[in-house]
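Q: For what it's worth, numbering that gives the first Met the number 0 labels the leading residue of the sequence shown as 0, then goes sequentially.
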Amino acid sequence: MSHIWRTRIPARDCAMGSPRYGAKIGYDLSTKAQNMKPRKMGYGCTSSTSTRAVGQFFDIYAKNFDAIYGHTERRSALGRWVDRTFRQVMMRRFEETLRQTKKQEIHSVLDIGCGPGRYIAAFALQGKDVVGVDIAEEMLKIAQDNIDALNVSADLVLDDYLSVHFDRIFDAACLMGFFDYIEDPVPILKKLATEVMGEFYASFPKSGGFLAWQRHIRYRLRRCPLWLYSKRDVEDALIASGFVGCYEIRDFGRDWYVVVQMQGTG
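(1) I'd like the list of long-range same chain contacts for LEU124, defined as Cβ closer than 7 Å, with 5 residues on each side in sequence excluded.
(2) Can you find at least 3 beta carbon pairs, one from the stretch 159-176 and one from the stretch 189-206, that sit closer than 8 Å?
(3) Using 10 angstroms around the beta-carbon of THR193, count the other beta-carbons present and answer buried if the total reaches 16, otherwise exposed.
(4) Between the alpha carbons of PHE251 and GLU95, how many angstroms are there, rounded?
(5) To test your reading of the DSSP string, which unbroken alpha helix (DSSP H) runs of 4 or more residues are found completely within the stretch 111-177?
(6) Just to check, is the beta-carbon of ALA135 closer than 7 Å to a non-hydrogen atom of the ligand SAH?
(7) Given a threshold of 16 other Cβ atoms within 10 Å of its Cβ, counted over all protein chains shown, does VAL259 qualify as buried or as exposed?
(8) Within the chosen definition, does the stretch 243-250 reach the stretch 176-196 through at least 3 CB pairs nearer than 8 Å?
(9) Would you give the residue range spanned by the alpha helix (DSSP H) that PRO204 belongs to?
(10) Find the nearest neighbour of VAL272 within the set ILE105, ILE238, ARG92 and LEU227, judged by alpha-carbon distance.
(11) Over the uninterrupted beta strand (DSSP E) stretch that includes ILE181, give me the two end residues.
(12) ILE248 by DSSP, collapsed to three states: which one?
(13) For LYS236, which residues in the same chain have their Cβ closer than 6 Å to its Cβ, ignoring the five residues on either side in sequence?
(14) Run the CB neighbour count on ILE168, radius 10 Å, all protein chains shown included, and call it buried at 16 or more, exposed below.
(15) Distance check for ARG253 and GLN87, CA to CA, integer angstroms please.
(16) With DSSP as the reference, label LEU225 as helix, strand or coil.
(17) Less than 8 Å between the beta carbons of GLY126 and ALA153, yes or no?
(18) So, is ASP232 buried or exposed, given that buried needs 16 or more other C-beta atoms within 10 angstroms?
(19) From TRP255 to GLY197, what does the alpha carbon distance come to, in whole angstroms?
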């Protein structure tokens, strides 16, 4: 069984499941990080409303998004064509991430922006101890159904990742399709460095080209903030977060697929 912890205010100590009040998490960003240019493509909004807008978008879009991962009968003919034409990268990064997490030395995985739980369920089937975090409650409801259908277990946290406090360390973390909706990746990456001792896998959507353009149009119409990245943007964020010389950036077509090795795995 999965358990959804609602952790908006106060934040919870997620390993224990008990409320905990405390100061906001803060970061001493380097000059380079502070000077990074935003990669926004979408309608105009402030940072304070961005997270709320993304959460509202995925609460509405949850069932349609889950269909991409296999429930094709829920998709229209146009939707299936879009999946075949533009979203093959989603299956490619899914398969590559599962190849990474099957390592015997990885016992626990933190899935940030876990969505409908397809990765969580797969990690659990590998025998991993899994925690998923997402800001969209409708996504987590689907995740719970997907996990329960496979008779596996995981913990689900309803909150913004930066607001969640863990008193444990994870062997690995997964951030697939997450940085698309993050204006500044550095605080996320710095927090990861304190909570993951082994490695993490992340995707960053590419800027430039036809696929970026058509996605910009779709998200603008849906009024969902979207941020895209050049390879240099990704490198700058990783370096500003302290991951110097321990990352690999792979070209997956629509996305940059990133593997960061910290310690204890390989």
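Note that beta-carbon positions come from the ideal geometry of N, C-alpha and C, so glycine has one too.
It should be emphasised that the depicted structure is a prediction, and the values quoted were computed from it without experimental measurement.
A: If we stick to the structure as given:
(1) For this step, residue 124 is matched to residue 125 along the sequence shown. Answer for LEU124: LEU149 and VAL151, listed in chain order.
(2) yes
(3) For this step, residue 193 is matched to residue 194 along the sequence shown. By the 10 Å Cβ count, THR193 comes out exposed.
(4) In the sequence shown, the residue the question calls residue 251 occupies position 252. In the sequence shown, the residue the question calls residue 95 occupies position 96. About 11 Å.
(5) 117-124 and 136-148
(6) Ligands displayed in this structure: none; no statement on the ligand SAH is therefore possible.
(7) Start at 1 with the first residue of the sequence shown, and residue 259 comes out as number 260. Buried.
(8) no
(9) Here residue 204 refers to the residue found at position 205 of the sequence shown. Careful: PRO204 lies outside any alpha helix (DSSP H), inside the beta strand (DSSP E) at 195-204.
(10) Outside the shown range of the chain, which is 0 to 265, sits residue 272, and nothing can be said about it.
(11) In the sequence shown, residue 181 corresponds to position 182, counting from 1. Per DSSP, ILE181 belongs to no beta strand (DSSP E) and is neither H nor E.
(12) On the sequence shown, position 249 is the one that residue 248 refers to. Three-state DSSP puts ILE248 in a strand.
(13) Within the sequence shown, the letter at position 237 stands for residue 236. Lys is not the amino acid found at residue 236; the sequence shown has Ala there. Same-chain partners within the cutoff: PRO184 and VAL185.
(14) Translated into the one-based positions of the sequence shown, residue 168 becomes position 169. The residue is exposed, with fewer than 16 neighbouring Cβ atoms inside 10 Å.
(15) For the purposes of this step, residue 87 is identified with residue 88 of the sequence shown, where counting begins at 1. For the purposes of this step, residue 253 is identified with residue 254 of the sequence shown, where counting begins at 1. Going from the Cα of GLN87 to the Cα of ARG253 covers about 9 Å.
(16) Your numbering for residue 225 matches position 226 in the sequence shown. Of the three classes helix, strand and coil, the one that applies to LEU225 here is coil, per DSSP.
(17) In the sequence shown, counting from the first residue as 1, residue 126 sits at position 127. In the sequence shown, counting from the first residue as 1, residue 153 sits at position 154. No, the Cβ-Cβ distance between GLY126 and ALA153 is not below 8 Å.
(18) Here residue 232 corresponds to residue number 233 of the sequence shown, with the count starting at 1. Buried: at least 16 other Cβ atoms inside 10 Å.
(19) Looking up residue 255 in the sequence shown gives position 256. Looking up residue 197 in the sequence shown gives position 198. Answer to the nearest angstrom: the Cα atoms are 20 Å apart.
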